[in-house]
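Residue numbers (my numbering): 52 to 877.
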């Protein structure tokens, strides 16, 4: 085609080119004044639109951002960081969404001040809540996380009269990003970084940020293209390749590549190229992250400080910044980090914004050595998690009227956890140091039982537990409350320990309680006298009381009338022996018993509650839905008296529970007995192990709480360990932790039990009658107290305390005036 443009070009190439240039020149002269501004305006609009869109994406990513603070576990797994960053590749979004809203990134931060080292992760608001926390806890089992709203890592507002002095910088890869940094370390590679801020002043602060986001698509293709150029010995940057095209053969690696077919090859260069080829290929495997590292050090100086003082402050900050940047020389191998300055004016806003535009590509192992929890167990100033957080096993109860609450699971998503009432019949053992949360947990359980209509008996030797309950009980339950309060001036209800259908058994129980409480000064003669005296009082008409006991031993007339009603020859023989003793001998044999009785009965509360006539409290009704609260503070009654009163209440509760044997099992109401400081109130005439084993059949759940194992005698400890099957352990001593870990391993070790935080408990529950694996939980706070509720409940409970004036002894026939004895008339 001779008339075509190609034909014209073939006939006259220079003429064809000249014709084209002439047409272009003519077009520019005619249309250039219109097209030029339009092109410039279009380019400016596109540039502004791109800038606006990127800014919008950044704002959306940082909206509602949060900080996840990390407490490392006592022992850190070195492989945990690689697991974490491999897991977080899941943050990668689809391509269309990355174009529209951008790709979220994270900021792993080391924060330093004079006394502490803190670790945290900045998380954009678009990352789902809980995702990063679960990933961290999965990568490092035992680590604790706490999430707060995002704040600047360093203070941006100086104190009044002060100015902030800042030294900051960024670290970028010095060579091609196709070459890796060092990842194989026998010891923790962040040791130099953690040691650099040592000796900081009281006003100095420092932070190191490792910003990272997973990448794919064009960014990965660009990295792989750079890797191919690097392996071929060509520069990875376009401008460098253009310059090298003007001077071919001058690049040392390119010359080595061209000589590979020659006979003389430099061995050192060959080994170096082979090593770089291997690491380049290895780095291309796996998902990469785009990263950037920033650091900053701040201090303050007075506004009116001299130029020398300000220069000194800047020098100190720069020196500390150089030390931090130099710590990254540890990672030098095929690649290394070079320092670039970050202007002080823009440093703090840039750090607070956590902005990541472009960065260096790193593999997961490379990122893991830069951003991880310290491996060393002795890092100064680093707070570690006390105990690992372990999730509850499947099937653990949550809420409901048939559930006794324990608290909130502290692993993963917080959710309520509790104990089913049938499982609670296997009894609970609560152990922990003072102030760890035992009483608050029992208060939650008692409130739940009371509101569900289950019977409750609670014994509180300190007083706070009952006080908390009185301020929170529903008002409609006030009529069910029976309150024994040693600190109250109101007359208490009466619980006569000598009452009972089976007289000899009642006496045996009471004698056994006395002998165990006063074991240090109890002998066979004291035991014999108390037993005979109580049996004698039981044989009288009317209601026997303990206040009659001193009169029986010391008043001849009272004793004569009492023994005259006896039919038992053995008892008569005892009193004949006693009557034949001389007054000094009688005083000698009764002195050990009398001093205990006087110390017991001289206290008005004890005399009114246990020896003021017939009982006004029916423990059978209490177990069928009532509420009996026993507040017997040891400072009000004395230690031994408080132990005796509490043990009597426990014994009467157990007698009422065993009386349920006459009721069909399906008709027995669930009831609970709570004993705080349980070792003080288990001076019982029967084995606790037998009680715990049999109580389940009577639907009586026992909750026993105390501080440490050595408070229990060996036999009692073994009985509780075996038969109180649900264990709730708050902070325990190292000695107890080693012993109790047998119930919680392998999920929770002795170290975990000894390092539980306050209100943080390890639970080894019974689930559907079988022992389930241990887990951890945080007990919930009690609801706020209701103003005036305690007075309302006390007023309602006072109706259960029947006033009995002039009722020191119900045996009116024995208290009648003494008739003249004809044998004494002479």
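We put the beta carbon where it would ideally sit given N, CA and C, even for glycine.
Test item: CB-CB of residue i and residue j under 8 Å
i: residue 513; j: residue 756; result: no
i: residue 545; j: residue 680; result: no
i: residue 45; j: residue 661; result: Residue 45 lies beyond the stretch modelled for the chain, which goes from 52 to 877, so this question has no answer here.
i: residue 412; j: residue 267; result: no
i: residue 807; j: residue 801; result: no
i: residue 500; j: residue 508; result: no
i: residue 418; j: residue 220; result: no
i: residue 739; j: residue 760; result: no
i: residue 154; j: residue 264; result: yes
i: residue 658; j: residue 538; result: no
i: residue 448; j: residue 811; result: no
i: residue 158; j: residue 173; result: yes
i: residue 564; j: residue 648; result: no
i: residue 416; j: residue 234; result: yes
i: residue 124; j: residue 192; result: yes
i: residue 726; j: residue 510; result: yes
i: residue 96; j: residue 434; result: no
i: residue 136; j: residue 340; result: yes
Supposed contact pair residue j and residue i - C-beta distance, whole angstroms, cut 8 Å
i: residue 119; j: residue 183; result: 5 Å
i: residue 262; j: residue 410; result: 7 Å
i: residue 825; j: residue 798; result: 5 Å
i: residue 187; j: residue 121; result: 6 Å
i: residue 723; j: residue 752; result: 5 Å
i: residue 600; j: residue 588; result: 7 Å
i: residue 361; j: residue 347; result: With a Cβ gap of about 18 Å, residue 361 and residue 347 do not count as contacting.
i: residue 640; j: residue 632; result: 7 Å
i: residue 484; j: residue 718; result: 41 Å between Cβ atoms; not a contact.
i: residue 338; j: residue 134; result: That belief does not hold up - the Cβ atoms of residue 338 and residue 134 are roughly 13 Å apart, past 8 Å.
i: residue 208; j: residue 368; result: In fact, because the Cβ distance is near 17 Å, the residues do not count as touching under 8 Å.
Selected residue, minimal CA-CA separation from residue i, among the options
i: residue 665; options: 844, 157 and 592; result: 592
i: residue 156; options: 342, 239, 491 and 645; result: 342
i: residue 750; options: 406, 273, 475 and 90; result: 475
i: residue 198; options: 116, 224, 484 and 212; result: 116
i: residue 737; options: 609, 715, 559 and 651; result: 559
i: residue 742; options: 167, 640 and 709; result: 709
i: residue 684; options: 728, 459, 672 and 663; result: 728
i: residue 375; options: 87, 161 and 650; result: 161
i: residue 202; options: 113, 652, 606 and 140; result: 113
i: residue 421; options: 241, 356 and 253; result: 241
i: residue 165; options: 442, 252 and 796; result: 252
i: residue 432; options: 246, 68 and 636; result: 246
i: residue 698; options: 735, 689 and 137; result: 735
i: residue 371; options: 465, 259 and 458; result: 259
i: residue 844; options: 520, 99, 663 and 746; result: 520
i: residue 464; options: 443, 355 and 619; result: 443
i: residue 331; options: 823, 834 and 226; result: 226
i: residue 404; options: 204, 536, 746 and 515; result: 204
Residues near residue i by beta carbon distance below 8 Å, same chain, minus five either side
i: residue 871; result: The predicted model places residue 871 with a pLDDT of 35, which falls under 50 and marks its position as unreliable; any figure quoted below should be read in that light. Nothing listed; no residue qualifies.
i: residue 703; result: 546, 548 and 670
i: residue 206; result: 215, 256 and 349
i: residue 675; result: 506, 720 and 722
i: residue 617; result: 587, 590, 623 and 626
Neighbourhood of residue i by C-beta, 6 Å cutoff - its chain only, sequence neighbours within 5 removed
i: residue 15; result: For residue 15 there is no data in the structure shown, the boundaries of the chain being 52 and 877.
i: residue 480; result: 755, 771, 775 and 778
i: residue 388; result: 222 and 379
i: residue 248; result: 163 and 257
i: residue 455; result: 469, 470, 475, 496 and 499
i: residue 678; result: 501, 507, 531 and 532
i: residue 780; result: 482, 791, 804 and 813
i: residue 795; result: 813, 815 and 825
i: residue 453; result: 472
i: residue 707; result: 670, 671 and 674
i: residue 934; result: Not covered by the structure: residue 934. The range shown for the chain is 52 to 877.
Contacting residues, own chain, Cβ-Cβ under 7 Å from residue i (five flanking each side not counted)
i: residue 848; result: 529, 532, 533 and 534
i: residue 837; result: 522 and 523
i: residue 440; result: 188, 195, 461, 462 and 827
i: residue 70; result: none
With a threshold of 8 Å, are at least 3 pairs of Cβ atoms found where one atom belongs to the segment 424-434 and the other to the segment 467-480?
no
Taking contact to mean 3 or more Cβ pairs, one atom from each stretch, closer than 8 Å, check whether the segment 565-584 and the segment 643-661 are in contact.
yes
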